[in-house]
Amino acid sequence: MTEGLPVPSPAGLAGISSLTMDPECSQLLPALCAVLADPRQPMADDTCLEKLLDWFKTITEAGSSLLLLQGNPCLVELLCHMLKPQDLSSRVLAFSLRLTGVLAAQEDCFQYLQQGELLPKLFGEAGPLGGAAWTSPTVRSGWIQGLRSLAQHPSALHFLADCGAVDTIFSLQEDSSLFVASAAGQLLVHILGLSMPGPAGGPPSLQAGDWPACAQKIVGHIEESLRATATPQITQALNVLTTTFGHCHDPWTQVLWVRLSPLVAGLLEKDPVPAAHSLVDLLLSVARSPGLSSSSCGLWETLAQTLSHLSPTQAGPLALGILKLQDCPQALRAQAFAVLLQPLACVLKATAQDPGPSGVLDGIVGDSMTADMLLPSKAACVGLLCRTLAHLELLLPLPQRPCPWPQAPLLGAAVTLLQLCGGSARPTSDAGRHLCALLLGCVRVQRAALDFLGTLSEGTGPRELVTQVFAVLLEYLRSPDSSPTVLKKAFQATFRWLLSSPKTPGCWDLDPHALLFLRDLLPVLQKRLCSPCWEVRDSGLEFLTQMTRHWGGQAGFRHALLASEVPKLTEQLLRDPESYVRASAVTAMGQLSSQGLCVPPAGPEHPGGQQKSLLAELLHILSTDSEGFPRRAVMQVFTQWLRDSHADVAGDTEQFVAGVLQVASQDLDWEVRAQGLELALVFLEQTLGQPRSHCPCAVTPAVAAPVGPLAQALQPLCRVRLFEFAFRALFDCDRPVAQKSCDLLLFLRAKTASSGSLQESRSSPHVASVEAALQRWQAGDQAQPLGDLEPEVVLAVLRSLDLEGLQGALAESSDHVEKSPQSLLQDMLATVGVLGGNEADCY
Amino acid sequence: MKLYCLSGHPTLPCNVLKFKSTTIMLDCGLDMTSTLNFLPLPLVQSPRLSNLPGWSLKDGNAFLDKTELIDLSTVDVILISNYHCMMALPYITEHTGFSGTVYATEPTVQIGRLLMEELVNFIERVPKAQSASLWKNKDIQRLLPSPLKDAVEVSTWRRCYTMQEVNSALSKIQLVGYSQKIELFGAVQVTPLSSGYALGSSNWIIQSHYEKVSYVSGSSLLTTHPQPMDQASLKNSDVLILTGLTQIPTANPDGMVGEFCSNLALTVRNGGNVLVPCYPSGVIYDLLECLYQYIDSAGLSNIPFYFISPVANSSLEFSQIFAEWLCHNKQTKVYLPEPPFPHAELIQTNKLKHYPSLHGDFSSDFRQPCVVFTGHPSLRFGDVVHFMELWGKSSLNTVIFTEPDFSYLEALAPYQPLAMKCIYCPIDTRLNFIQVSKLLKEVQPLHVVCPEQYTQPPPAQSHRMDLMIDCQPPAMSYRRAEVLALPFKRRYEKIEIMPELADALVPMEIKPGISLATVSAVLHTKDNKHVLQPPPRPAQPTGGKKRKRASEDIPDCKVLKPLLSGSIPVEQFVQTLEKHGFSDIKVEDTAKGHIVLLQEAETLIQIEEDSTHIICDNDEMLRVRLRDLVLKFLQKF
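Okay, structure coming up:
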């Protein structure tokens, strides 16, 4: 962009520099550079420097770095200052190195800095590299990141070669700081990519002699590392290669792989295989790379070989990766799947079970491979099983999952694992007994197996196995030893299995087996709703809500539920001491009530004889509960009720909406107020005749779609004081509430504009007084109510409000003022100033 | 050292340890499961029970007695580990000629007294007009219906003791505190340690100067009300006798407490009553504490809780005064000052009410639905019998079993058919097998001795390899009526040396750090203490007759040969022999040392660890020469 422009003299720069940096910042910059260069004024906050660097990056991305430097000579001064031997803070030094890199990313600026010998002095032997500052990982990291930014053009490559940076990077790969070591690896990948010809660079050559010197050096280093005996060195080489193949898909990568693959394959001959995790990552990275045609470079053979050499724990991720590949030979997929299934096959074998009719798991476990691999220690066994289950769970929903999918044996394995953990398994072999002792009460495996079992519900299974699944789920739901998290997962898995249970054609009700199960389940749920542990009560209620939502309209379910104590207990939980439980109880009761499954509270427990309707009870919670969650839940239930024209609401909708909005407007929780706007919107849509969601069990809607004049249509909205609520929300101190209100009013205005038959009454004194009140509200004084509003006044006020402007202002993030670079510079200077002030006070 | 095992019940142990010259009985638990063979004793005449067909209710309750494995009158002391393990005490102290001392902590004695008092009260308030014992005759027993027919050793079943016997037995107890060292006849020292299971419950260390036996009985690592278990003091034991582990290893107490609360709330919310058959002390304190936290959250604040036992009041009050025996949390409350257990507040707010029996005040206060805690957990006697009869017919009511001592199905048998719900939530806070294996790893005893039940998985769950003690070397197991020789030999005895004698010693250092001295003294042994005293001086010339007697006592002081020490380095010895002109020397290694053969001289020198023999053929000159060469290598003193 600046090419061809005559380099302007510093004196004439002011106008140009303002293209890239506003003058206010330019004025602040010299002071800031002085502060940074002054070792007596330490920067307290790292994040400021990060933000400053980000700002410089934005500027250089948008314009010329050279002009920036020339327009702000203080920057070069700062960089030169770094060369003087002094006691500089490592943060500032690292910042300067990174800034130099950012600036030198543009070739002309690079040349400019080269001329002043600044670059070799900062990044070469003469710079911090040889000094005491180098002991700080921050400086080493800054050095690497500086070079990473700088290395963008061929001149940079020469510079790197000249100053011997590559050797330093090699040594930094073994740095004690993991961040530095990792960054060094990334930098090598970057330099390699930069030095090799791009996609248009002609056909790759296999001959190393044809490669650029820099690339040769790096590849040579990688080869040497792969031949090393020390695992860390091998790991570094593998990581560099993984990143290379992951990021660069140019033709030369294929040549690189062909050259290095014998060395990589050589690693498999060692026992144990060194750096197995990194090796797996590399092979998967190569296999995924579109730049390589896998069949031609013997990759499939290497993968097959690796699968058979690695231990089950190490091979699991590789197997999963292979199965996720799009195009891969069937034999390799089968081998990978067998590896993945091995631990579960061992479990089935140890418990002496039939590996299943499909025989997929059969034969995986040879005689040599027994359950021993599972048994060395509890931690190893649990880890392997959990990973296996998680891998299979990931695989199940994928389109490329293996086919045929061994659904039945996997179900059997999941059930067996759960039985082993729960103590209900009766293994007869020694291995089985040992496994039982290892897994007993293991919460991790229980959780993983329940998740997996839930996922398996998407397939089917033989009837006996499904019966076993329900039996083991019931066992877990019943067991007093199930931890709250395990119980929650058991509830979730149960729901998924109930969902998947076969349906009678033409009827959405549960099938007879599921209904029988439900009969056993409800007493358990009853007991869980009385648990002393609130998490358990909470997950019980969530489960009930889910079930009611799905089967609340079905006769079989309704009959079983109404015959149990569950609805009554749920009603009692509205008064639970734990707010989460109250919130869940509110949701559950709302759902039960929507389906007509609420039992009116009666009997000896309510000696006062005061029977409150559920609506009154929920309103009471909304106005008195000290915690936000139950109140939010009430608002959601009310919104849903209004949407569904629930019988309790439909009786007198206006009174209901008015009451709820009045309570909600005073709520301290912004989510309650926002939900109030949601409810207002539903009412508004109903009043103005928007299509509503159809609910099968709703009574006839009380509010018919209006056809009359607009004023008449707006009357009900005025009567429930919807506008006062919305206007108040418009100036809410919480942005989401204000935004929602703004949207609602805009919607209303659009609605009324289209049918704009109403007379304007802009000039009426009432309108003026409302506008005045709104201005006071906006200023923060919301004490004064608006009083009764007429539709005409509302419309006039709506039109006079700059809703679009408000919407725009609200859309800006709340810190948009504070985020400006000027504010950043001021802050940094102020901080230092304040520090200085304190120092003075001390003396 | 021997262990006589008088009880086969692992949680109600009764073992006798013979150690040095003492005979120590470890616990005397009373196995009351035989009462399940009898019909319940109703407080109110029960037409249903008395009209049951067949065998009518005639006999009193009887208990299993000890076997005649050992003469119990020879027992020197009885160490009690907790109040459940002392229930057979009156049978031993009152009817066997026992004349020793019983050691127990104060809460153990006080609460044990309450348990015994309750038991006696329950039995005595429903006296029998007549009692039958003829049926115990083997010929008649054969004809009885099934469970009785197969009962073992019915002849040893005894009637329940009386309050008089209880008082007499308790008067023989000496109170001890944790870590207090009690000398038994100077031979051994016994020390109670906190075991964490119940108020005042203890494990015991029995040690001499060189041997240590730990007796672990009824311990708990859970945080409940008692002082935590002292594990550190159990380290370095030669033998660890391990009894009283949890009876329900598969039930986790936390889960069971949750189950208890859920079922209780569920029943009460449906308008039903809850019956909890329990002992008047122990887990009930923890249950009341859980309920204290739970009732408000479960909306049960208006439900009355009744605790009915002849000792209910004492039990609730005792628990509050044993502050020093409580866990740290509860101890700190006492300094606030607040009652350590929250049941005080339950009583104050009238949520918990206690009554000595269901007669009297209770009948006027009684309000349903309610929760009743009452005994006895066997459902054979006590106020619980009445509530079972009263509430058994309604399915609204629930009986929740929390005590693991009795099979709940057997306990319920005479009440069948039963409409009320039965929930089994056994709460046993004693060690489970995982905790035991951690404990054993921590304290590392040389040998573990335990009931045979603990060395194999329970018969009903033979696949549960985790439900047994797994240690190295494998635990020695015992069963009822077995005598076990404990696997270690006593090798050392401590002997004291009088100061004046010690003054006279002239030690000689034979190796750095090791000095030797000869001593002539008289070994004086009294009360299992051994003391070396200076030999009596030669009597004074004056004193005539006395002098003569004294001189007789003095051992003949011969001229003592010097004592030798050190070892002979064979190679150097051979070199020395060669230097002195012996040739043709051959050395052979033997099991105990070496044989040096001087073939020419036909002589053989046998060098062993503690002796050297020179065998030569009648050549005294040669022998003396060789002897002197040998002596050169040894030190004399």
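Going down the list, the protein sequences come from chains A and B.
With the first letter of the first sequence counted as 1, position 786 gets the number 931 in the numbering used here; the numbers rise by one all the way through.
With the first letter of the second sequence counted as 1, position 166 gets the number 357 in the numbering used here; the numbers rise by one all the way through.
Backbone N, C-alpha and C define an ideal beta-carbon position, used for all residues, glycine too.
Taking the alpha-carbon of residue i as reference, which of the options has the nearest alpha-carbon?
{"i": "residue 541 of chain A", "options": "A/589, A/625, A/196 and A/601", "result": "A/601"}
{"i": "residue 180 of chain B", "options": "B/539, B/473 and B/523", "result": "In the structure displayed, chain B extends from 192 to 828; residue 180 of chain B sits before or after that span and is not available."}
{"i": "residue 709 of chain B", "options": "B/715, B/670, B/725 and B/754", "result": "B/754"}
{"i": "residue 200 of chain B", "options": "B/369, B/431, B/288 and B/436", "result": "B/436"}
{"i": "residue 759 of chain A", "options": "A/381, A/772, A/786 and A/396", "result": "A/786"}
{"i": "residue 394 of chain B", "options": "B/433, B/374, B/357 and B/362", "result": "B/433"}
{"i": "residue 503 of chain B", "options": "B/803, B/816 and B/574", "result": "B/574"}
{"i": "residue 595 of chain A", "options": "A/575, A/771, A/561 and A/609", "result": "A/561"}
{"i": "residue 233 of chain B", "options": "B/266, B/580 and B/640", "result": "B/580"}
{"i": "residue 368 of chain A", "options": "A/357, A/385 and A/355", "result": "A/385"}
Please compile the residues from chain A whose C-beta is within a distance smaller than 8 Å of the C-beta of residue i.
{"i": "residue 656 of chain B", "result": "578, 579, 581 and 582"}
{"i": "residue 599 of chain B", "result": "Chain A residues near residue 599 of chain B: none, gap ~15 Å exceeds 8 Å."}
{"i": "residue 359 of chain B", "result": "Within chain A, no residue comes near residue 359 of chain B; the closest Cβ sits about 44 Å away, beyond 8 Å."}
{"i": "residue 453 of chain B", "result": "672, 673, 675, 676 and 677"}
For residue i, report the span of its alpha helix (DSSP H) as first-last.
{"i": "residue 275 of chain B", "result": "First-last for residue 275 of chain B: undefined, no H or E at that position."}
{"i": "residue 592 of chain B", "result": "Segment 589-592 is the beta strand (DSSP E) holding residue 592 of chain B; no alpha helix (DSSP H) there."}
{"i": "residue 707 of chain B", "result": "That residue, residue 707 of chain B, is in no alpha helix (DSSP H); its beta strand (DSSP E) goes 705-707."}
{"i": "residue 327 of chain A", "result": "323-340"}
Note down the Cα distance separating residue i from residue j, rounded to an integer number of angstroms.
{"i": "residue 585 of chain A", "j": "residue 651 of chain B", "result": "17 Å"}
{"i": "residue 248 of chain A", "j": "residue 319 of chain A", "result": "28 Å"}
{"i": "residue 804 of chain A", "j": "residue 777 of chain A", "result": "16 Å"}
{"i": "residue 638 of chain A", "j": "residue 599 of chain A", "result": "4 Å"}
{"i": "residue 405 of chain B", "j": "residue 269 of chain B", "result": "15 Å"}
{"i": "residue 562 of chain B", "j": "residue 507 of chain B", "result": "17 Å"}
{"i": "residue 620 of chain B", "j": "residue 263 of chain B", "result": "32 Å"}
{"i": "residue 239 of chain B", "j": "residue 570 of chain B", "result": "16 Å"}
{"i": "residue 697 of chain A", "j": "residue 672 of chain A", "result": "21 Å"}
{"i": "residue 570 of chain A", "j": "residue 583 of chain A", "result": "13 Å"}
{"i": "residue 328 of chain B", "j": "residue 335 of chain B", "result": "11 Å"}
{"i": "residue 792 of chain B", "j": "residue 764 of chain B", "result": "17 Å"}
{"i": "residue 772 of chain B", "j": "residue 782 of chain B", "result": "29 Å"}
{"i": "residue 664 of chain B", "j": "residue 678 of chain B", "result": "11 Å"}
{"i": "residue 267 of chain A", "j": "residue 965 of chain A", "result": "30 Å"}
{"i": "residue 666 of chain B", "j": "residue 579 of chain A", "result": "20 Å"}
{"i": "residue 253 of chain B", "j": "residue 225 of chain B", "result": "Confidence in residue 253 of chain B is poor, its pLDDT being 40 and thus under 50, which makes the residue's placement unreliable; the coordinate value appears in the next sentence. Near 7 Å, if we compare the C-alpha coordinates of residue 225 of chain B and residue 253 of chain B."}
Taking residue i as part of the beta strand (DSSP E), name the residues at either end of that continuous run.
{"i": "residue 393 of chain B", "result": "393-398"}
{"i": "residue 784 of chain B", "result": "784-789"}
{"i": "residue 625 of chain B", "result": "Taken as a continuous stretch (DSSP letters only), residue 625 of chain B belongs to no beta strand (DSSP E), being part of the alpha helix (DSSP H) at 624-634."}
{"i": "residue 498 of chain B", "result": "496-499"}
Given that residue i touches chain B, what residues does it touch there, using C-beta distances under 7 Å?
{"i": "residue 717 of chain A", "result": "460 and 490"}
Against residue i, what residues of chain C qualify as contacts under a CB-to-CB distance less than 8 Å, listed in chain order?
{"i": "residue 712 of chain A", "result": "Here the protein chains are A and B, and chain C is not one of them."}
So residue i contacts chain B; which residues on that side make the cut at Cβ distance below 9 Å?
{"i": "residue 1026 of chain A", "result": "Absent from the model: residue 1026 of chain A. The displayed extent of chain A is 146 to 988, so no value can be given."}
What residues from chain B crowd round residue i, counting only those whose CB sits closer than 8 Å?
{"i": "residue 571 of chain A", "result": "654"}
Inside the segment 528-602 of chain A only - beta strand (DSSP E) runs reaching at least 3 residues: none
- request: At 3 residues or longer, and completely inside the segment 453-478 of chain B: list those beta strand (DSSP E) runs for me, N to C.
  value: 465-468
- prompt: Curious, which full-length alpha helix (DSSP H) runs of at least 4 residues does the segment 410-493 of chain A contain?
  reply: 421-433, 444-454 and 457-469
message: Suppose only complete runs of 4+ residues qualify. What are the alpha helix (DSSP H) ranges in the segment 248-276 of chain A, listed by chain order?
response: 252-260 and 263-268
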